[in-house]
Structure formats: C-alpha cells, structure tokens
Amino acid sequence: MIAAEIITIGDELLNGDLADTNTARLGALLRARGLGFGAGQTVRDDPARIAAALALAASRAALVLVTGGLGPTEDDVTMQAAAAFAGVKLREDEASLARIRERFASRGYPMTPNNRRQALIPEGASALENRAGTAPGVRMEVDGTTFFFFPGVPLEVDALAADHLLPWLSQRVPAGSRASHTFKTFGKTESQVATLLEPLPRAPDLHVAYRAHFPTIQVTLHVDEPDAGVRSARLEALSTEVRRLLGPIVFSEAQGGSLAEAVVRALAGAHATLALAESCTGGLATAMITEVPGASEVLVETAVTYSNDAKTRRLGVSEALLAEHGAVSEACARAMAEGIRAGSGAQLGVAITGIAGPGGGSADKPVGTVHIALASEDGTRHRALRLPFDRARNRVVSAFAALDMVRLHLNA
1441 MIAAEIITIG DELLNGDLAD TNTARLGALL RARGLGFGAG QTVRDDPARI
1491 AAALALAASR AALVLVTGGL GPTEDDVTMQ AAAAFAGVKL REDEASLARI
1541 RERFASRGYP MTPNNRRQAL IPEGASALEN RAGTAPGVRM EVDGTTFFFF
1591 PGVPLEVDAL AADHLLPWLS QRVPAGSRAS HTFKTFGKTE SQVATLLEPL
1641 PRAPDLHVAY RAHFPTIQVT LHVDEPDAGV RSARLEALST EVRRLLGPIV
1691 FSEAQGGSLA EAVVRALAGA HATLALAESC TGGLATAMIT EVPGASEVLV
1741 ETAVTYSNDA KTRRLGVSEA LLAEHGAVSE ACARAMAEGI RAGSGAQLGV
1791 AITGIAGPGG GSADKPVGTV HIALASEDGT RHRALRLPFD RARNRVVSAF
1841 AALDMVRLHL NA
C-alpha cells in the first residue's frame, strides 16, 4: 500500500479566514482506492516552512499531495519552496504560459504581468493542465517520493485530481480493492456506539471508522481485499453483525441518508400521515421533514404553538391542565399530540414541548427538559429528555428525537 500524506498551504487556513476542505475531498478520493493519509500538515505561506514540510513528508511517504500557493500574487510561494527543497531552479513552462494567455484572451481580460508567475515550475517537474483555472498543477519526483501540487481552490483541486491524480493512481493501485458500508445512528454517543461494536470480530482487512455529526454518529466499515467475491461476502457478513449489535439505533445505511428521509420513507411505506405540534423547536422538525422530496405525500399539517394560549386555542389543551402541570410536562405533550392528530385527521400526531434555554428553567424543570409525545390509533406514548446542550443544540436534538420516535413506532 502506498503511504500518503497531505500538506495544505495558506495563511488563511491558520488565521481562521478559511476552512480546509481539500483534505477531506482528497482523503475521500484516496479512500475509494483503499488508501489514506497517514499524516497531514498545514503551513503558512513561508518558503522555508513549506520546504521543511515537504522534507518531513518525503521522509515518511511515497505520495504527497500539496494544495495552495500556486497563484499569481507575491504570497504564492509554493513553487519557490518546492524548487528549494528539490535543489533545482524554477523554469518557465511554455505550454502552461500559452494556456494562461489563451484563458485570459478567451474571456476578454488583459493578462497582467504577475500571472506569468503561474507558469514557473521546478526543473525536472511536469506541468499538469488545469481545465478549471489558470495555474497548472505540478507533479514532481524527489528521491522516490511523488509530489502532486494543486491550487487551493477546491474546484481546481477536483479537476486536477480527476484528470491527473486518479490516472496516476490507477496505474499503481488496483481499483476496487476496498469495499465500504455506512451505518447512521441516533440516540447513542460515539463512545456508546463503539462499546456496542466491541464484539465485532477484528482482522487486518477491516477498518471501522466513526464520525460524529451532531446529533448522529456514522459508522463505516472498510474491508480491504483484492478478491471481489471474498470482499463482498466479508463485508456482508460484517454488516449483518453490525445490524444485530446496533439494532434500532441505525436509521440509515446510505452515505447521504438523513433521519428525515428515513421517516418519510417509513410513513410512505406504511401509508401513514403525520401532523406535528411544535413549541420549543419552533418548526425545526417540520423543516427537516419538508427538505425531503415526497414529504407532501405524508405530512398533513404543522402547528407551532409557542404560547399557552395557542396550545389551548389551536390544539385544545385545557387551561386547567396547563395550570396544574405547566406547558413543559408529559400531560401537555400528550394533549398537544392528541389535539393535532384529531384536528388534522393524520394517523400520527407528534408534539414537542420543552425549555431550550438559556433561561426559563427551574429546580423541577431545568433547562434542557423536553417532553415528546406521539398519538396514534393505538394510544399515546411519551418520552422525556434531559438535555445538557446550549439552546441551538437542545432544539436540534429535540427535533431529531421526535422524528426518531415516529421511525421507531412505524418500524416496530
């Protein structure tokens, strides 16, 4: 397996002006080939620091991907640093210069003199045509290590990687040597999910990756095996065991599948309809549902009943109940769910009421107290939450928990 590293270059990455997305996109590209970054460095636009980073990466890796610092301005010094590291001079690549001139001419813009800098590459290196921008990419070999240099713009990284890095990898790494399967979960922390998966048999060909994407946890199985039949059978056997170990907390086995998609799919499959009554979430659960194509087939109605008066007027929650139990209570959540179900004619009515914070809590009902209820023809069920997060996250978890209650009810 090829040892790989990445270096991202730019003051903006270290100053907090710009988030690095290139590591993720190139990491995903390598992962599809059964490879991965062993390490990464982020470096300022400083030739000496960049050269040192190149030397360190070369001491550990056979493939080094570098992004950033290939533009026309004085802080674009990556090629200068690369030449110094390799012990060579910069040369002007005529083909790259011609393409830069043509790109400006085709757009009707004058080419300023500083754009000529983008055609400078280290002696012995190869310029890589960039269909998405002016600066060429560069491939350079130094003492057994292959370097690919890309501009920092993600669109250009994607184009250069597709046109030059992937063909290079295809000649050296067999395609399809890795198979992966993803599980998305809700209701357990990352450590709790990992504990549930401790009985999963480990082997050198298996890598289990965890990713927290609040408030969900994603688990991906990677199986490395050159034989396609063995690889497929191994992944299916492991996936079956993961389903058994994780049980109902898995809501999706698709890379991009959301909880709301799972809920809409479950409602459609059961020929059921849904109505929501939201208080502390302010329509957040509804927004999640309506992001899914086809939601109009299953979502009948939503009522955001923030005040007690609205709960009484719109949902039929009695003033006596509110006086005795309060708006944040099991009794109120049940009455809200039953009221929205009766008023809308939906098969399922779901209600959320709580104290999102930062104020409004008490000793009996602290911030983070949330009550969720689901009313159906079989009766009304209730769930209480005690959430430790800030206002925004308390609202998100409450909305997720309400939708997950629908999913679990339909899949029971």
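Here the numbering used here runs 1440 ahead of the position in the sequence shown, where the first position is 1. Every residue, glycine too, gets a C-beta built ideally from N, C-alpha and C. Quick caveat, the model's predicted, so the values are computed rather than measured.
On the three-state DSSP scale, how would you describe Thr1518?
The residue labelled residue 1518 in the question sits at position 78 within the sequence shown. If DSSP states are grouped into helix, strand and coil, Thr1518 belongs with the helices.
Span separating the alpha-carbon of Pro1591 from that of Val1597
The residue labelled residue 1591 in the question sits at position 151 within the sequence shown. The residue labelled residue 1597 in the question sits at position 157 within the sequence shown. Looking at the two C-alpha atoms, the distance is approximately 6 angstroms.
Mark Phe1623 as exposed unless 16 or more other C-beta atoms lie within 10 angstroms of its C-beta, in which case mark it buried.
For the purposes of this step, residue 1623 is taken as the residue at position 183 of the sequence shown. Buried, since its Cβ has 16 or more Cβ neighbours within 10 Å.
Apart from the five residues on each side of it in sequence, which residues of its chain come closer than 8 angstroms, Cβ to Cβ, to Gly1480?
Taking the sequence shown and counting its residues from 1, one reaches residue 1480 at position 40. Only Glu1445, Ile1446, Ile1447, Thr1448 and Thr1463 meet the Cβ criterion.
With Val1837 as the anchor, note down where its alpha helix (DSSP H) starts and where it stops.
Against the sequence shown, residue 1837 aligns to sequence position 397. From DSSP, the alpha helix (DSSP H) with Val1837 extends over Arg1831 to Asn1851.
Which residue marks the beginning of the beta strand (DSSP E) containing Gly1800, and which one marks its end?
The residue you call residue 1800 lines up with position 360 of the sequence shown. No beta strand (DSSP E) holds Gly1800; DSSP gives it neither H nor E.
Where Val1613 and Leu1646 are concerned, what is the direct C-alpha to C-alpha distance, given to the nearest angstrom?
As a position in the sequence shown, residue 1613 is number 173, starting the count at 1. As a position in the sequence shown, residue 1646 is number 206, starting the count at 1. Spanning the two alpha carbons is a distance of roughly 18 angstroms.
Do you know whose CA, among Leu1469, Ala1472, Ala1791 and Pro1806, lies nearest Glu1797's CA?
The count along the sequence shown starts at 1 and reaches residue 1797 at position 357. A quick correction: the sequence has Gly, not Glu, at residue 1797. Per the Cα distances, Pro1806.
If we ignore side chains and look at the alpha-carbon of each, how far apart do Thr1656 and Leu1739 end up?
As a first step, residue 1656 is located in the sequence shown; it is residue number 216 there, counting from the start. As a first step, residue 1739 is located in the sequence shown; it is residue number 299 there, counting from the start. Distance between the alpha carbons of Thr1656 and Leu1739: 23 angstroms.
Of all the alpha helix (DSSP H) runs that stay within the bounds of the region 1480-1520, which reach a length of 4 or more residues?
1487-1498
Run through DSSP, which three-state label would Gly1808 get?
Walking along the sequence shown from the start, residue 1808 turns up at place 368. In this structure, Gly1808 counts as coil in the three-state DSSP scheme.
Classify Ser1769: buried if its beta carbon has 16 or more other beta carbons within 10 angstroms, exposed otherwise.
In the sequence shown, residue 1769 corresponds to position 329, counting from 1. It counts as buried.
Is DSSP giving Thr1461 helix, strand or coil here?
Residue mapping note: residue 1461 aligns to position 21 of the sequence shown, counting from 1. In this structure, Thr1461 counts as coil in the three-state DSSP scheme.
Exposed or buried, Lys1529, counting other C-beta atoms within 10 Å across all chains shown (16 or more means buried)?
Counted from its first residue, the sequence shown places residue 1529 at position 89. Flag for Lys1529 reads exposed.
With a threshold of 6 angstroms on Cβ separation, who are the neighbours of Arg1821 within its own chain once the five nearest residues in sequence on each side are excluded?
The residue labelled residue 1821 in the question sits at position 381 within the sequence shown. Within the same chain, Arg1821 has close Cβ partners Leu1814.
Measure how close the beta-carbons of Ala1839 and Arg1823 come, nearest whole angstrom, since I'm counting them as under 8 angstroms.
The residue you call residue 1839 lines up with position 399 of the sequence shown. The residue you call residue 1823 lines up with position 383 of the sequence shown. With 8 angstroms as the limit, Ala1839 and Arg1823 do not qualify as a contact, their Cβ atoms being about 13 angstroms apart.
Taking the Cβ atom as the reference point for each residue, do Ala1634 and Val1663 lie within a distance shorter than 8 angstroms?
On the sequence shown, position 194 is the one that residue 1634 refers to. On the sequence shown, position 223 is the one that residue 1663 refers to. No, the pair does not count as a contact, with Cβ atoms beyond the cut-off.
Measuring alpha carbon to alpha carbon, tell me which of Arg1471, Leu1470 and Arg1484 ends up nearest Leu1458.
Start at 1 with the first residue of the sequence shown, and residue 1458 comes out as number 18. Ranking Arg1471, Leu1470 and Arg1484 by Cα distance to Leu1458 puts Arg1484 first.
Ala1775, buried or exposed, once every other Cβ within 10 Å from all chains shown has been counted against 16:
Position 335 of the sequence shown holds residue 1775. The residue is buried, with at least 16 neighbouring Cβ atoms inside 10 Å.
C-beta atoms of Val1744 and Gly1722 nearer than 8 angstroms:
The residue given as residue 1744 occupies position 304 in the sequence shown. The residue given as residue 1722 occupies position 282 in the sequence shown. A contact, by the Cβ cut-off of 8 angstroms.
So if DSSP puts Arg1579 in a beta bridge, which residue, or which two residues, is it bridged to?
Within the sequence shown, residue 1579 is the residue found at index 139, counting from 1. Beta-bridge partners of Arg1579 (DSSP): Ser1566 and Phe1588.
On a Cα-Cα basis, can you pick out the residue from Arg1539, Thr1513, Thr1518 and Phe1589 that is closest to Pro1553?
Numbered from 1 along the sequence shown, position 113 holds the residue referred to as residue 1553. Closest option to Pro1553, judged by alpha-carbon separation, among Arg1539, Thr1513, Thr1518 and Phe1589: Thr1513.
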